[in-house]
Amino acid sequence: MSLCTPERRKLASRGQIAVVTSSIEPASAQGKQECRIMTEPAIEMTQAASGARRGRASGGGAARRAARTAVSIETARYIERNIPNLDVLNEEALAIIEANAETVLAEIGVSFVDNPDALARWRDAGAEVTGERVRIPRGLARQLCATAPANFTQHARNPARNVEIGGRSLVLAPVYGPPFVRDASGGRRYATMEDFRNFVKLGYMSKWLHHSGGTVCEPTDVAVNKRHLDMIQAHMLYSDKPFMGSVTEPVRAADSVEMAKILFGADFVDQNTVMTSLININSPLTFDSVMMGALEIYAKAGQACIISPFIVGGAMAPTTVAGTLTQVLAEVLAGVAYSQLVRPGAPVIFGAFVTSIDMNSGAPTFGTPEAALITYGAGQLARRLSLPYRSGGAFCGSKLPDAQAAYETANSLNMALLSGVNFMLHACGWLEGGLVSSYEKFVMDADQLGALHHMARGVDMSENGQAMDALREVGPGGHFLGCAHTQANFKDAFWRSDLLDYKPFETWDEDGARDTQALASVRVAKMLGDYQQPMLDPGISEALQTYIDQRKASEPDAFG
């Protein structure tokens, strides 16, 4: 049974578009970076403004050089839903699950492994601690969770790309953690640092992705104890979208915080959230010292953590929906409560990574109805706690970006939209149960995220949306192609894929009869070819490199 998934380390506005110019050249303090929100009045954002928050500036004619080499990069604003969430549990069912979760915490308890400080915090808070087992009195965890914010802003180094996490918003981030990559020409292979940088660049170039993510693949050609430095640097240099910090050791989380202080300025990091990081619970009901150590670092620094059970139904949780929801809630309550013991008010996200197991092969399955029901139910539980919610993604178990991958991914993406997810990790690029980051599937999924943006807009009931003038103009037996309403709306009335083929058979055949994977391969090459690095003060780049060089020199390489 292979459970070497990216999250299981212990077991193996409605479519508004921000157009931001980008350049290979660094910007000067006087150089202007242009930002427009389509359908709203144009606004200007200066590099001096973003430099002011770091207390840094650069000089000279860099702005003029930047203007000569600039390209326009479109990034959609994070989704703000105008459609209702799908609720599958009534009030009675929710009350039963919440009561059962309290019973789990009070009578069964949770384990905090190799973490005396955590045990001491729980004991001081009023929990019963026996060895490493913590039994939390009814109501205590929920009471502690009350200090966590219902929503927060994660700041990007480009303020136009800040994201709001919570409420009615949905922030989309790419695949996280696979040790392998796949592309149409090279097949399946171990990931390298070059692959990592390529995926960061693809994420930056993808219009419908709001977030750069974290471990977009695991670069196996760099020492385990040092690769996090190169990975964080890549997010900082090759994208200006928000990003995630390292969690594989507490010291690596501390490095992430220190590097963020170089990028944003220490005072800014002390007062704002600039990283959202993934803290996995070792389900069932176990909190290991590595994940909790990283959580402690981030919580003390005021940086956000996703508290996420990793659930494979039938293996790490019961086989039933209600039983799994009980376990998910108990684990999240304990994890969020602990973050608030470390620092009341620390931003957190209610996480739920949920799938089921194939009882024949032992492999995890994706896009299943049981996982959907749990995802919908967990969303309801998160909203009752007034916490942002993380779940969903472009999940599939297929080995190739084929029909199986498409079916499973479509099911997974749509359930996430309808369940009220606020932060969707793995929104593009996931393949083979999370073992593989696929270049082609990355752009295929990223393209489909545009459909989520349009679906989330809901139904336009304005005078234009009602289209009564068009109905009057055309009348019985006519057609709408030439009417005034169609002429005024045709450019943006329907979502249209930038990747899929809509041509007639004859034209498609003459063009090489390419399938979607072939089209995606061409798109990957074009996006990487068109990529230009976003502007960054060269002094900051140098300071980051100096920090990395010093940290790497402080200890020998370790690959184990």
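Each residue of the sequence shown is one higher than the one before, starting from 1 at the first, in the numbering used here. In this text, a Cβ means the ideal position worked out from N, Cα and C, and glycines have one as well. As the structure is a computational prediction, the values presented were derived from the model and not from experiment.
Hey, how far is the Cα of residue i from the Cα of residue j?
{"i": "Leu471", "j": "Gly166", "result": "40 Å"}
{"i": "Ile281", "j": "Val348", "result": "14 Å"}
{"i": "Gln293", "j": "Gly397", "result": "Note that residue 293 corresponds to Gly in the displayed sequence, not to Gln. Straight-line Cα distance between these residues: approximately 31 Å."}
{"i": "Met1", "j": "Glu510", "result": "Confidence at Met1 is low in this model, with a pLDDT of 36, below 50, so the placement of that residue should be treated as unreliable; the coordinate-derived value is given next. Whole-angstrom Cα-Cα distance: 45 Å."}
{"i": "Ala254", "j": "Asn489", "result": "51 Å"}
{"i": "Thr319", "j": "Gly313", "result": "5 Å"}
{"i": "Gly351", "j": "Thr220", "result": "27 Å"}
{"i": "Gly560", "j": "Ala223", "result": "9 Å"}
{"i": "Leu500", "j": "Met444", "result": "9 Å"}
{"i": "Gly512", "j": "Thr324", "result": "48 Å"}
{"i": "Ala299", "j": "Arg390", "result": "18 Å"}
{"i": "Lys399", "j": "Ala405", "result": "8 Å"}
{"i": "Tyr547", "j": "Ser356", "result": "43 Å"}
{"i": "Leu387", "j": "Leu237", "result": "31 Å"}
{"i": "Cys483", "j": "Gly465", "result": "15 Å"}
{"i": "Leu562", "j": "Ala150", "result": "This structure leaves residue 562 out entirely; the chain is present only between 1 and 560."}
{"i": "Glu408", "j": "Tyr531", "result": "30 Å"}
{"i": "Gln545", "j": "His235", "result": "13 Å"}
{"i": "Ala57", "j": "Phe264", "result": "With a pLDDT of only 42 at Ala57, under the threshold of 50, the placement of this residue in the model should not be trusted, and no figure is reported."}
{"i": "Leu564", "j": "Gln340", "result": "In this structure the chain extends from 1 to 560, so residue 564 is not present and cannot be described."}
{"i": "Ile73", "j": "Val129", "result": "53 Å"}
{"i": "Ala29", "j": "Thr368", "result": "Any reading at Ala29 must be qualified, since the residue scores a pLDDT of 32, below 50, and its modelled position is unreliable; the value itself is stated next. Each residue's Cα considered, the two are about 52 Å apart."}
{"i": "Val200", "j": "Met535", "result": "15 Å"}
In the DSSP assignment, the alpha helix (DSSP H) including residue i goes from what residue to what residue?
{"i": "Asn151", "result": "Run containing Asn151: none in the alpha helix (DSSP H); it sits in the beta strand (DSSP E), Asn151 to Gln154."}
{"i": "Asn411", "result": "Ala403 to Leu418"}
{"i": "Gln533", "result": "Where Gln533 is concerned, there is no enclosing alpha helix (DSSP H), given that its DSSP letter is neither H nor E."}
{"i": "Gly203", "result": "Met193 to Met205"}
{"i": "Phe490", "result": "Where Phe490 is concerned, there is no enclosing alpha helix (DSSP H), given that its DSSP letter is neither H nor E."}
{"i": "His568", "result": "Here the chain comprises residues numbered 1 to 560, so residue 568 is not present and cannot be evaluated."}
{"i": "Trp495", "result": "Segment: none, Trp495 is in no alpha helix (DSSP H) and carries neither H nor E."}
{"i": "Thr248", "result": "No alpha helix (DSSP H) contains Thr248, which DSSP labels as neither H nor E."}
{"i": "Val474", "result": "Met468 to Val474"}
How is the beta strand (DSSP E) around residue i delimited, first residue to last?
{"i": "Gly213", "result": "Neither: Gly213 is in no beta strand (DSSP E) and is coded neither H nor E."}
{"i": "Pro597", "result": "In this structure the chain extends from 1 to 560, so residue 597 is not present and cannot be described."}
{"i": "Val436", "result": "Val436 to Ser438"}
{"i": "Asp183", "result": "Phe180 to Asp183"}
{"i": "Gly323", "result": "Counting along the chain, Gly323 falls outside any beta strand (DSSP E), though it belongs to the alpha helix (DSSP H) covering Val321 to Val342."}
{"i": "Glu128", "result": "Glu128 to Thr130"}
{"i": "Arg188", "result": "Gly187 to Tyr190"}
{"i": "Arg135", "result": "Arg133 to Arg135"}
{"i": "Val459", "result": "Val459 -> no beta strand (DSSP E), and no H or E assigned at all."}
{"i": "Thr276", "result": "Thr276 to Ile281"}
{"i": "Ser111", "result": "Val110 to Phe112"}
For residue i, tell me which candidate among the options has the shortest Cα-Cα distance.
{"i": "Thr516", "options": "Tyr502, Gly529 and Ile83", "result": "Tyr502"}
{"i": "Pro178", "options": "Glu473, Thr215 and Gln154", "result": "Thr215"}
{"i": "Asp230", "options": "Phe196, Lys201, Trp208 and Leu209", "result": "Phe196"}
{"i": "Ala260", "options": "Pro556, Ala553 and Ile540", "result": "Ile540"}
{"i": "Arg189", "options": "Phe353, Leu499, Ala543 and Leu431", "result": "Leu431"}
{"i": "Met415", "options": "Phe366, Ser386, Ala446 and Gln404", "result": "Phe366"}
{"i": "Glu331", "options": "Gln487, Val88, Leu105 and Glu74", "result": "Leu105"}
{"i": "Pro556", "options": "Tyr238, Asn225 and Phe264", "result": "Asn225"}
{"i": "Asn162", "options": "Thr273, Pro309, Thr546 and Val474", "result": "Thr273"}
{"i": "Ala160", "options": "Phe494, Arg227 and Thr75", "result": "Thr75"}
{"i": "Thr375", "options": "Tyr176, Tyr78, Arg551 and Leu86", "result": "Leu86"}
{"i": "Ser361", "options": "Ala456, Ile79, Ala315 and Ile136", "result": "Ala315"}
{"i": "Val342", "options": "Asp492, Arg168 and Cys145", "result": "Cys145"}
{"i": "His211", "options": "Gln271, Arg133, Arg252 and Tyr78", "result": "Tyr78"}
{"i": "Ser437", "options": "Leu333, Val175, Gln271 and Ala543", "result": "Val175"}
{"i": "Thr486", "options": "Asp498, Glu473 and Arg496", "result": "Glu473"}
{"i": "Arg168", "options": "Pro84, Gly126, Pro401 and His426", "result": "Pro84"}
{"i": "Ala334", "options": "Leu89, Asn82, Thr103 and Leu94", "result": "Thr103"}
{"i": "Val247", "options": "Val269, Leu295 and Gly213", "result": "Leu295"}
{"i": "Gly291", "options": "Lys552, Asn115, Arg514 and His479", "result": "Before going on, a small fix: residue 291 reads as Met here, not Gly. Taking only the C-alpha atoms, the option nearest Met291 is Asn115."}
What does DSSP give as the partner residue(s) for residue i in the beta ladder?
{"i": "Glu80", "result": "Ser169"}
{"i": "Met424", "result": "Leu172"}
{"i": "Ile349", "result": "Ile306"}
{"i": "Ser521", "result": "Looking at the DSSP assignment, Ser521 forms no beta bridge with any residue, so it has no partner."}
| Quick check: the segment 279–286 against the segment 110–122, are there 3 or more CB pairs under 8 Å? | yes
| said: Is it the case that the segment 413–423 contacts the segment 369–380, given that we only count it when at least three CB pairs across the two stretches are under 8 Å? | reply: yes
| task | Evaluate contact between the segment 458–468 and the segment 197–207, counting only Cβ atoms and requiring at least three cross-stretch pairs below 8 Å. | result | no
| said: For the structure I just gave you, are there three or more beta carbon pairs, one from the segment 146–162 and one from the segment 239–248, closer than 8 Å? | reply: yes
| Cβ contact check for the segment 175–190 and the segment 296–310: 3 or more pairs under 8 Å | no
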